[in-house]
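Just below is one structure, and these are the notes that go with it.
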Amino acid sequence: MHSRVLLAVVLGFSLLFTACAKSEKRGKLVAEPSVVAVIETDKGAIHINLLPTVAPKTVENFRLLSERGFYDGLTFHRIVKDFMIQGGDPLGTGFGGESAWGGTFADEIDRKSPLYRTGYKRGSVAMANTGPNTNACQFFIVQRDYPLPADYTIFGQVSRGMEVVDALMDTPTERGVDGRMTKPKTPLVIRKIRVESAPTPPPR
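According to our numbering, the sequence shown holds residues 166 to 369 in order.
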């Protein structure tokens, strides 16, 4: 699949290359304690509470790809400072990838949910896409609260390891295929993603 993965950013920020959700409590993201993904990187591990109740197909897609070793050795190929880090593209350019079943699959977004009404919070993990119902394998992790439109399926929330995300975000960048300084100068390798049945307790 060679269609460019685009993430439309608000505030006149131009276009970004992109890729299931949870419950809301006191205005904060509260992940379901059911399934956890651990992303191993050179900077450390990122623990993500996945959200199968709200976004079951998206979580299943991520689980299947992870268990097949699809993500192992791929990279976080795009950094947008003070916003997000994106990865999971087998081409490493923002142009590649397909779902666990081949092709793409539909969004799992409830725009009436407080989760989406309040924007994408720090630690949100969401799918990249090229438009409605075009989810495949690329995903992004939000570093700071950001008022994106509710167009990207949230399927997890970082429970531990946001300091790793911050460290990855600090990597110097050079001009990427989008013409912006978003390509890491040093490859940010995803060593492995494993999915565990036991939840990671959220930070206190």
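Quick reminder that beta carbons are idealized off the backbone N, C-alpha and C, glycines included.
For the beta strand (DSSP E) holding residue i, just list the boundary residues, first then last.
i	result
residue 325	319 to 325
residue 246	From DSSP, residue 246 is part of no beta strand (DSSP E); its letter is neither H nor E.
residue 208	Counting along the chain, residue 208 falls outside any beta strand (DSSP E), and DSSP gives it neither H nor E.
residue 357	353 to 361
residue 345	That residue, residue 345, is in no beta strand (DSSP E); it is neither H nor E in DSSP.
residue 263	Counting along the chain, residue 263 falls outside any beta strand (DSSP E), and DSSP gives it neither H nor E.
Under a three-way DSSP split, which group does residue i fall into?
i	result
residue 311	strand
residue 283	coil
residue 216	coil
residue 293	coil
residue 328	helix
residue 187	Any answer about residue 187 is weak, because its pLDDT of 36 lies below 50 and its placement is not dependable; what the coordinates show is given next. Coil, per DSSP.
Tell me the rounded alpha-carbon separation between residue i and residue j.
i	j	result
residue 285	residue 322	10 Å
residue 361	residue 224	12 Å
residue 208	residue 288	17 Å
residue 266	residue 226	8 Å
residue 213	residue 320	9 Å
I need the boundaries of the alpha helix (DSSP H) containing residue i, first residue and last residue.
i	result
residue 222	221 to 232
Stretch pair the segment 312 to 332 + the segment 342 to 353: three plus CB contacts closer than 8 Å: Three or more beta-carbon pairs separated by less than 8 Å are not found between the segment 312 to 332 and the segment 342 to 353, which leaves the two stretches without contact.
The segment 225 to 239 contacting the segment 351 to 360, beta-carbon criterion three pairs below 8 Å: The segment 225 to 239, when compared against the segment 351 to 360, does touch it at the 8 Å Cβ threshold.
Inter-stretch contact (C-beta, 8 Å, three-pair minimum) for the segment 237 to 251 and the segment 265 to 280: no
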